[in-house]
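So the structure is just underneath, and the comments pick up after that.
Number of protein chains: 2
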Amino acid sequence: MPVTVLLVDDEPLVRAGLRAVLAAQPDIEVVGEAADGAAVIPLVRQLRPDVVAMDVRMPLMDGIEATRAVLRTVSDPPKILVVTTFENDEYVYEALRAGADGFLLKRARPAEIVHAVRLVAEGESLLFPASVRQLAAEYGDGGGNPAARAAMERAALTEREAEVLRLMARGLSNAEIAGRLIVGTETVKSHVSAVLAKLGARDRTQAVIAAYESGFVAPG
Amino acid sequence: MPVTVLLVDDEPLVRAGLRAVLAAQPDIEVVGEAADGAAVIPLVRQLRPDVVAMDVRMPLMDGIEATRAVLRTVSDPPKILVVTTFENDEYVYEALRAGADGFLLKRARPAEIVHAVRLVAEGESLLFPASVRQLAAEYGDGGGNPAARAAMERAALTEREAEVLRLMARGLSNAEIAGRLIVGTETVKSHVSAVLAKLGARDRTQAVIAAYESGFVAPG
DNA sequence: GATCGTCTCCCCCGCTCGGGGGAAGCCGGC
DNA sequence: GCCGGCTTCCCCCGAGCGGGGGAGACGATC
């Protein structure tokens with residue numbers, strides 16, 4: 001059973017490009033296209049794709065709104081892979097918070113795009129920097145980890161959140177962090193949740209990975 | 221209320237040195253000494269120290285046996301800080317598995333020793349490489365992270381365990397790892413538990429930290 | 001043959017974690 | 001004044017995690 005994909009982008013050229021790249025894979029099938037986020041909901045209901053490759057910037061309804069709408073109104077929703085042109089697109093960050101499962105740069109190589117679709121289809125998040133870097137590492141240079149650093153900057157952690165992340169990256173539990181900062185564990189939980197949301201991490205482990213990958217904490 | 225410490229080492233000179241270093245701290249009090257592991261149990265019961273600084277190599281009963289004995293027979297047991305001369309002492313690894321809370325090199329600087337005692341007294345583990353490195357980083361050079369690398373080598377992970385750790389370091393959950401390796405989640409749990417035990421990590425986050433700190437996985 | 005280590009899977013159980021809410025006080029900008 | 005961001009804390013709750021056991025299968029080694 002192939003992975004079914006719905007393409008959502010206002011530029012026909014981009015849709016054609018994605019279709020060409022994805023349809024070349026035997027295990028991936030492009031089941032539909034849409035030119036705007038407003039058309040997504042009915043198409044998702046009708047086609048029930050595994051993955052929606054969604055542009056962030058679109059005329060009527062942008063990718064953020066569309067992501068939110070899909071996740072809110074569709075039961076057993078598809079995975080949302082947000083597609084963007086810019087590495088530092090703040091809309092992407094919004095989309096991640098809205099519940100998107102991954103993001104992908106339009107200038108990514110075909111192999112990267114295919115890989116990203118497969119990964120999110122398998123239920124793994126491509127949100128957090130580590131996965132992005134993983135892709136880059138697996139498919140040749142990629143040029144260091146600008147994406148990781150960008151994601152960390154885009155996160156814009158508050159002072160307290162950064163402090164909490166540093167302690168997380170030392171292996172402390174919430175209770176230990178609370179003791180160290182002389183606050184309640186509930187407070188720490190709030191900060192940890194904020195950090196996870198901002199970094200697009202699913203759990204503290206992914207957050208710590210992101211911290212290492214971005215250079216937020218130094219390894220050696 | 222100061223942290224109370226019981227010193228256990230067969231060499232009087234080492235005991236004297238530890239006593240001198242620790243007693244100089246206003247918040248640390250050395251409440252007793254023992255020359256062998258065999259004498260530890262009754263002393264712990266009598267003195268109820270917060271921390272036991274325990275040599276690994278001792279004539280009658282070594283630090284591993286003594287650690288096991290204390291943790292098994294004493295209720296609300298003290299923290300065990302294993303003291304050793306060699307970085308690659310395989311006895312240390314045994315002691316960690318026996319339940320020790322941290323290990324410390326005899327050639328550590330006074331400040332490191334004091335810090336280690338305070339940390340384990342606070343309930344934080346000094347088992348895993350990251351904490352060791354943290355100490356080294358906080359108190360001047362330390363020369364990279366030989367301890368972390370040593371700990372990783374000492375761990376002697378099996379091929380499967382190493383594979384699991386690599387996936388953990390990519391942020392995968394047990395279920396995801398199971399899917400990736402085509403095995404059951406229970407199997408993954410077994411491997412994860414083995415990795416945690418061997419690395420002296422409390423949870424997967426600490427294991428991933430150890431992986432980064434030791435160079436087991438590359439950050440940038 | 002017996003033993004050991006590895007890999008696989010199973011049980012039960014308690015706890016931490018993380019999401020979902022909300023709410024208060026503070027400060028600074030509009 | 002009002003509003004928004006940051007920090008602090010609270011509730012409930014489900015799920016994943018990790019520890020404690022055990023157990024069978026396989027291959028290598030003794």
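Chains as they are written, first to last, in the numbering used here: chain G, 1 to 220; chain E, 221 to 440. Each residue gets a CB set at the ideal place from its N, CA and C atoms; glycine is no exception.
Nearest-angstrom Cα distance between residue i and residue j?
i             : j             : result
residue 418/E : residue 253/E : 30 Å
residue 183/G : residue 236/E : 38 Å
residue 366/E : residue 378/E : Low local confidence applies: a pLDDT of 47 at residue 366/E is under 50, so the model's placement there is unreliable, and no value is given.
residue 50/G  : residue 295/E : 54 Å
residue 427/E : residue 73/G  : 39 Å
residue 284/E : residue 234/E : 18 Å
residue 282/E : residue 118/G : 53 Å
residue 248/E : residue 223/E : 5 Å
residue 113/G : residue 23/G  : 12 Å
residue 225/E : residue 277/E : 19 Å
residue 7/G   : residue 196/G : 28 Å
residue 275/E : residue 304/E : 6 Å
residue 215/G : residue 280/E : 48 Å
residue 424/E : residue 194/G : 21 Å
residue 268/E : residue 181/G : 28 Å
residue 221/E : residue 245/E : 13 Å
residue 422/E : residue 286/E : 22 Å
Here's a check: name, in chain order, each residue in its chain whose Cβ is nearer than 6 Å to the Cβ of residue i, leaving out the five neighbours to either side.
i             : result
residue 35/G  : 10
residue 437/E : 389, 431
residue 188/G : 174, 177, 178
Show which residues of chain E have a CB atom less than 7 Å away from the CB atom of residue i.
i             : result
residue 204/G : 425
Give the interface partners of residue i over in chain G, defined as CB-CB distance under 7 Å, in chain order.
i             : result
residue 389/E : 209
Given residue i, which residues of its chain have a CB within under 7 Å of its CB, disregarding the five upstream and five downstream residues?
i             : result
residue 110/G : 21
residue 340/E : 271, 299, 301, 321, 322, 346
residue 405/E : 394, 395, 398
residue 411/E : 380, 381, 384
residue 46/G  : none
residue 30/G  : 5, 7, 19, 22, 23
residue 38/G  : 60, 61
residue 360/E : A caution first: residue 360/E carries a pLDDT of 29, below 50, which makes its placement in the model unreliable, though a value can still be read off. Counting only Cβ-Cβ distances below 7 Å, and skipping sequence neighbours, we find nothing.
Tell me which residues share the same chain as residue i and place their Cβ nearer than 8 Å to its Cβ, disregarding the 5 neighbours each side in the sequence.
i             : result
residue 70/G  : 40, 41, 44, 52, 77, 78, 80
residue 12/G  : 35
residue 326/E : 234, 303, 304, 305
Going by the C-beta, is residue i closer than 8 Å to any heavy atom of the ligand PLP?
i             : result
residue 245/E : The ligand PLP is not part of the structure shown, which contains no ligands of any sort.
**Message:** Does the contact criterion of 3 or more C-beta pairs under 8 Å hold for the region 380-394 of chain E versus the region 430-439 of chain E?
**Reply:** yes
**Cβ-based contacts, 8 Å cut-off: residues of the region 174-192 of chain G near chain E** = 176, 179
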